[in-house]
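A quick write-up on the structure given underneath.
Number of protein chains: 4
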Amino acid sequence: MAQQRIKAGIVGGTGYTGVELLRLLAQHPHCELRAITSRKEAGMPVAEMFPNLRGRVDLQFSEPSASALDKCDVVFFATPNGVAMQEARALVSAGVRIVDLAADFRIRDVSVWEQWYRMKHACPELVAEAVYALPEVNRDQVKSARVIANPGCYPTAVQLGFLPLVEAGCVDLDHLIADAKSGVSGAGRKAETHILHAEAADNFKAYGVTGHRHHPEIAQGLAHVAGRPVGLVFVPHLTPMIRGIHATLYARLTRPVDLQSLYEKRYAGETFVDVMPAGSHPETRSVRGANHCRIAVHQPQGGDTVVVLSVIDNLVKGAAGQAVQNMNIMFGFAEDAGLTQIALLP
Amino acid sequence: MAQQRIKAGIVGGTGYTGVELLRLLAQHPHCELRAITSRKEAGMPVAEMFPNLRGRVDLQFSEPSASALDKCDVVFFATPNGVAMQEARALVSAGVRIVDLAADFRIRDVSVWEQWYRMKHACPELVAEAVYALPEVNRDQVKSARVIANPGCYPTAVQLGFLPLVEAGCVDLDHLIADAKSGVSGAGRKAETHILHAEAADNFKAYGVTGHRHHPEIAQGLAHVAGRPVGLVFVPHLTPMIRGIHATLYARLTRPVDLQSLYEKRYAGETFVDVMPAGSHPETRSVRGANHCRIAVHQPQGGDTVVVLSVIDNLVKGAAGQAVQNMNIMFGFAEDAGLTQIALLP
Amino acid sequence: MAQQRIKAGIVGGTGYTGVELLRLLAQHPHCELRAITSRKEAGMPVAEMFPNLRGRVDLQFSEPSASALDKCDVVFFATPNGVAMQEARALVSAGVRIVDLAADFRIRDVSVWEQWYRMKHACPELVAEAVYALPEVNRDQVKSARVIANPGCYPTAVQLGFLPLVEAGCVDLDHLIADAKSGVSGAGRKAETHILHAEAADNFKAYGVTGHRHHPEIAQGLAHVAGRPVGLVFVPHLTPMIRGIHATLYARLTRPVDLQSLYEKRYAGETFVDVMPAGSHPETRSVRGANHCRIAVHQPQGGDTVVVLSVIDNLVKGAAGQAVQNMNIMFGFAEDAGLTQIALLP
Amino acid sequence: MAQQRIKAGIVGGTGYTGVELLRLLAQHPHCELRAITSRKEAGMPVAEMFPNLRGRVDLQFSEPSASALDKCDVVFFATPNGVAMQEARALVSAGVRIVDLAADFRIRDVSVWEQWYRMKHACPELVAEAVYALPEVNRDQVKSARVIANPGCYPTAVQLGFLPLVEAGCVDLDHLIADAKSGVSGAGRKAETHILHAEAADNFKAYGVTGHRHHPEIAQGLAHVAGRPVGLVFVPHLTPMIRGIHATLYARLTRPVDLQSLYEKRYAGETFVDVMPAGSHPETRSVRGANHCRIAVHQPQGGDTVVVLSVIDNLVKGAAGQAVQNMNIMFGFAEDAGLTQIALLP
């Protein structure tokens, strides 16, 4: 296939979404990795920090200023919240297309964003332009986007799980419940006490029940599809595994529906969403390292409550994999280019 | 303290509830362990199978027939379902009091039991007499009971979590949701593939969404308190830890209630139920090895959905610890005798 | 690339080496998977047992007799010990090349094999012909082999670690020590109590100190290279992780050597052996899911004891990956064909 | 028992040895906990940081200056290295006995200490007086000590394992090898990246092969017993569990010895050292939460290499438990007072 190779850069590559982007892009057939920046680690070979990349990625972390990011076709921001909004404008002006894996461009209402992320937004005009890029919802907009807001991990698992119900208008939209469980890598590669192995292993807890930043993101996405506001209770939990999100979703049916058929039809043709056979229980390990979301839908005891089980790898479909999927769409590559890895089981 | 020492026996001590009973009874001030039976392992010192007991428990597993269980004051059944119902009658006739840690006497409607446990009940008359012994609900009946149905692990965590709401009559009883997560020891010490370390570690999944044996047990317990049937969706999950249950409970409020105060008042005076301060997120490790249930109650965004977080150690408050607590009540000991261990953290 | 696609079959695909072969062969550019047999599971889609393969492997487990294995170019035995020796002769006669991932053809001295594996060998004549296929030692013999004895997991990590020292003749060959630690998947996908999650998680123990089947295999391999018998103490340990072997090797230097240089030269040109910079400590996760062996060599305090650290993924370089590597060599493919996955970190 | 209750204080209680001391002292029959200091967390109830202590420890962290430590009978330092040496002199002058769980008083040669711990020693005169308190070696000196240097975790497991061999003078003392594996809590409750759950789980690695602070401590202890310097290679490893150390020790026999008998005799009468039957493999979980060291001794294939397996809980016998054991000895209590917990298994 005599296809172009585009030039890609990564800003902020020392976290888990950064190393995961490196893993995926290093195997991508149409993409050439040009630079990965880190002010703090400039000069260190990335394979020294992430030895799985030895022999496969020869780049060093570089100073952003010396990285010629404006010569790239696409730049990924694998940075903390609040960085991409500072740098996006200049890159977009230089013709670079942006994929932000953080939250800077996810919330359309800037005041809501500022309230949850506790900072002044530096670039509201790009928020208006940015595409919230869940390909299974708005693939067409992604194609031409200059700025991609890559969805969060919980929001990906929860929205893909609820989507068929909300689109069908068959559930009580004022009382959706998302009970979500995440592996510890979801908290990032940050030196914080509560995610130490000795704290988080062999332990289980909820957190953020009073409020979590992914709540407005999920609510916005579901409201967009519903065409009206939705009521959502979102309870995230920390579970002692490295990767994986399992969302258990509850909704009240307002009319009878063939749920299995509804889900299968909605996701027919979607490469990365796998509706499992009736009665299934998807496991997070079945998507470990892969870009898939696997979903099962149940109606326990034939009652009026739907239970949806939705699993993703938070670092792949919940972050770097979906970013590459969006890049593929933006540049007209096969949507699964570089994303054909099979999940590692066991 | 010139108190009596009662004689205790354990039937079927090779599983996790068995070794946990041994750990607790070996440290109990008023209890003398006389026999622990296992047909399969008769003759083996228990400390050979469970080396944590070396130097503390000198017993060998013995043949049931040779164990003089009828000379005991109390006999614990730490057996698979369907064993206690075969042997209880003779022991009760001999004046022995029975604590069954399995499910044989938990469901009052024998036909429901037979449907879920897929066998003919061998001793329905003792079902009628047996006390379903959640001390925080029916301590008085436990005192004089001859046959104790010790509650299941999920049912303990879920019922203690819902109880104040159901008693207060302030939630929609037709739509209770219990999203529960259990450590792998909850599946028992059985050689089964799906609970191998290489299958269950670094993985998360729901199971039994279409139906789980603890569903009728929980529903019966809540209905008993409510004075009417309840509607319950119960979704258990397997989480990669050894011990611990975390139940996340959802209910719709039907009238405004001061939830924190409701819970604190309900459990004031209960040694083993700890209502945590408002805004808390109890961790399973905070009860690892201890007989406590820790509970927090939330009302996210001030909406009409209550979220209750309830944690126990499935092998202690969810099994052996509660069995000892019940024994203490039956024999008039301090309710926390032998149960003062502090949870192991980290 | 207009290269041939060979036809491959797998005998016994329900274990971990089986699913790992499926993962690798499903992504192999020159290999077509024709059959995977399992008497017990015949008729079940493999993706039902291993949901990571959904959408990627459409085969069902089939009866061996109905699997036309004799039409394959290569057949992998991912079976328990003692199966391949029963079936290899017929396949070899039919012109099929065999890769046995079990131990049937590993030990050249049949009487030693029979003593350790406690059965009569059914096919001694193929033992004589079989090639013990550690490519880094005897790649040339692999090329033309009809029967491949694929090395064990511990033996791969230990031999690759000791090899440069033994070849150089610079250590006391009578007192080699291999302290090896394996993830639990090394014990296979067998329903056994001691490898349950609740037994093996958060626990560490040695096993088989008095004797382990991999001892004669390692000793044979090192003796072959040394040209004389070696003395080896081998202590395997079970460590609470899913995949990975870490071998810590100790040997007494008999003369001064530039160890770093010795190792780098020995493995220069080897795609799958990575000698890390001086002072390194390889991590098992740096090879999780990948076919690499990473090695570091130390001389603590400049004393006369060499310490070698050698890590592999027991299911890849220690089993299925090495089997594919051997297949690639046998059929003249690039040695890393289908083996370019980057390790999953974190 | 009309025994005195002594007054105890803890300096620096926010780490793992601190919370473990609290767990043990809260259950101690002869000890009253008076103060636990933390400059950073002064005012916070300890049970807020460590919820396992809710209902059992009512203390708040307090400012050291306001804690009346000089009114205590004993003060434990559960502080980073370098703190106890600043404060010990004043307390000792006030008649308080000191147990330092850090390393300030462990190394008798102050210049060696300063080299390994990279600071100037503030109190060399108390180093000279301090007792390195491994009770199984020098119980008598502990009785009258004013300053206790509580041994490190690795040094406890390794010394107890080697002791009988060294005392018997039956091994090559120039070539001892200690291959030790520790759970992650051994690194402390510090916000560091490499001990995050997502880094340390499902992973295994050696560290500090070129030099570890416990090397001089172990070498000093063994040399003391041997009456001559010893040669030791010490390789620590990080293993993905919370608690536990497994030391695998190798030594070359210089003469034939009945090893099992040697070990059993050496530790006869020791409450906290359990020599297991010949052929055993002790598991770390068999001492989880308990103050025991369990040891097995092997002579593989009847060769000249002894293999000793020694396990402890690094936070109990390797830290807080041994500190309490030393306190018991100092104050004439039963040596196991407050230390009768049975290990938590599973």
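Residue numbers (this note's numbering), protein chains in the order written: chain D, 1 to 346; chain Z, 347 to 692; chain L, 693 to 1038; chain F, 1039 to 1384.
Just so it is clear, CB atoms sit at the ideal spot from N, CA and C, and this is done for glycine as well.
Measure the Cβ-Cβ separation of residue i and residue j and say whether it is below 8 Å.
{"i": "Leu1037 (chain L)", "j": "Phe50 (chain D)", "result": "yes"}
{"i": "Ala180 (chain D)", "j": "His215 (chain D)", "result": "no"}
{"i": "Ala538 (chain Z)", "j": "Ala960 (chain L)", "result": "Here residue 538 (chain Z) is Glu; the residue named in the question, Ala, does not match the sequence. Against a cut-off of 8 Å, the Cβ pair of Ala960 (chain L) and Glu538 (chain Z) comes out as no contact."}
{"i": "Ala918 (chain L)", "j": "Leu865 (chain L)", "result": "yes"}
{"i": "Ala1195 (chain F)", "j": "Ser1318 (chain F)", "result": "no"}
{"i": "Ile329 (chain D)", "j": "Val142 (chain D)", "result": "yes"}
{"i": "Tyr909 (chain L)", "j": "Arg798 (chain L)", "result": "Before going on, a small fix: residue 909 (chain L) reads as Glu here, not Tyr. In this structure, Arg798 (chain L) lies closer than 8 Å to Glu909 (chain L) by Cβ."}
{"i": "Ala381 (chain Z)", "j": "Leu437 (chain Z)", "result": "no"}
{"i": "Ile1005 (chain F)", "j": "Glu1070 (chain F)", "result": "In the structure as shown, chain F begins at 1039 and stops at 1384. Residue 1005 (chain F) is therefore absent and cannot be evaluated."}
{"i": "Pro586 (chain Z)", "j": "Asn549 (chain Z)", "result": "yes"}
{"i": "Pro1173 (chain F)", "j": "Gln1042 (chain F)", "result": "no"}
{"i": "Ala898 (chain L)", "j": "Val863 (chain L)", "result": "no"}
{"i": "Leu370 (chain Z)", "j": "Leu685 (chain Z)", "result": "yes"}
{"i": "Asp455 (chain Z)", "j": "Ala430 (chain Z)", "result": "no"}
{"i": "Val1311 (chain F)", "j": "Leu1198 (chain F)", "result": "yes"}
{"i": "Ile541 (chain Z)", "j": "Ala547 (chain Z)", "result": "no"}
{"i": "Phe422 (chain Z)", "j": "Leu368 (chain Z)", "result": "no"}
{"i": "Arg39 (chain D)", "j": "Pro64 (chain D)", "result": "yes"}
{"i": "Arg986 (chain L)", "j": "Pro969 (chain L)", "result": "no"}
Just checking my contact of residue i with residue j at CB under 8 Å: how many whole Å lie between their CB atoms?
{"i": "Gly231 (chain D)", "j": "Leu176 (chain D)", "result": "7 Å"}
{"i": "Asn1352 (chain F)", "j": "Ser1223 (chain F)", "result": "6 Å"}
{"i": "Glu733 (chain L)", "j": "Phe753 (chain L)", "result": "4 Å"}
{"i": "Gln341 (chain D)", "j": "Gly289 (chain D)", "result": "6 Å"}
{"i": "Val1271 (chain F)", "j": "Thr997 (chain L)", "result": "5 Å"}
{"i": "His1159 (chain F)", "j": "Glu1152 (chain F)", "result": "6 Å"}
{"i": "His1235 (chain F)", "j": "His197 (chain D)", "result": "4 Å"}
{"i": "Ala133 (chain D)", "j": "Asp73 (chain D)", "result": "Between Asp73 (chain D) and Ala133 (chain D) the Cβ distance is about 17 Å, and since that is not below 8 Å, they are no contact."}
{"i": "Ala683 (chain Z)", "j": "His376 (chain Z)", "result": "6 Å"}
{"i": "Leu941 (chain L)", "j": "Ala1026 (chain L)", "result": "Contact flag wrong, Cβ pair sits at about 30 Å."}
{"i": "Gly529 (chain Z)", "j": "Thr425 (chain Z)", "result": "Actually they are not in contact, since the Cβ atoms of Gly529 (chain Z) and Thr425 (chain Z) sit about 21 Å apart, beyond 8 Å."}
| message | Please identify, using Cβ separations under 7 Å, the residues of the segment 120 to 141 of chain D that lie next to chain L, in order along the chain. | response | none
| said: Quick check: the segment 488 to 508 of chain Z against the segment 654 to 664 of chain Z, are at least 3 beta-carbon pairs closer than 8 Å? | reply: yes
| Pairing CB atoms from the segment 1332 to 1339 of chain F with CB atoms from the segment 1172 to 1187 of chain F, are three or more of them under 8 Å? | no
| Three CB pairs or more closer than 8 Å across the segment 505 to 518 of chain Z and the segment 563 to 582 of chain Z | yes
| Using 8 Å as the Cβ pair cut-off and three pairs as the minimum, do the segment 398 to 415 of chain Z and the segment 708 to 724 of chain L touch? | no
| Whole alpha helix (DSSP H) elements within the segment 367 to 405 of chain Z, 4-residue minimum | 392 to 395
| What residues in the segment 190 to 222 of chain D bring their beta carbon closer than 7 Å to a beta carbon of chain F? | Ala191, Glu192, Thr193, Ile195, Leu196, His197, Ala198, Ala200, Ala201, Asp202
| task | With 9 Å as the limit, tell me which residues of the segment 953 to 980 of chain L have their beta carbon closer than that to any beta carbon of chain D; keep them in chain order. | result | Thr963, Asp966, Met968, Pro969, Ser972, Pro974, Glu975, Arg977, Ser978, Val979, Arg980
| Fully enclosed by the segment 1125 to 1196 of chain F, which alpha helix (DSSP H) runs are 4 residues long or longer? | 1148 to 1155, 1162 to 1167, 1173 to 1181
| said: Output needed in chain order: residues of the segment 486 to 507 of chain Z with a Cβ under 7 Å from some Cβ in chain L. | reply: Contact residues of the segment 486 to 507 of chain Z toward chain L are absent (C-beta to C-beta distance below 7 Å).
| query | What residues in the segment 325 to 343 of chain D bring their beta carbon closer than 9 Å to a beta carbon of chain L? | reply | Considering only beta carbons, the part of the segment 325 to 343 of chain D lying closer than 9 Å to chain L consists of Thr340, Gln341, Ile342, Ala343, in chain order.
| message | List, from N- to C-terminal side, the beta strand (DSSP E) runs of 3 residues or more that fit wholly inside the segment 961 to 1004 of chain L. | response | 965 to 967, 985 to 990, 997 to 1004
| request: Can you give me, in chain order, the residues of the segment 1070 to 1091 of chain F that have a beta carbon less than 9 Å from any beta carbon in chain Z? | output: Of all residues in the segment 1070 to 1091 of chain F, Glu1086, Phe1088, Pro1089, Asn1090, Leu1091 have a Cβ within less than 9 Å of some Cβ in chain Z.
| query | Taking Cβ-Cβ distances below 9 Å as the criterion, which residues of the segment 574 to 599 of chain Z are in contact with chain F? | reply | The residues in question are Ile588, Arg589.
| task | For the segment 203 to 236 of chain D, list the alpha helix (DSSP H) runs that are entirely contained and at least 4 residues long, ordered along the chain. | result | 214 to 226
| message | Give me the subset of the segment 67 to 88 of chain D whose CB atoms are less than 9 Å from a CB atom of chain L, sorted by chain position. | response | none
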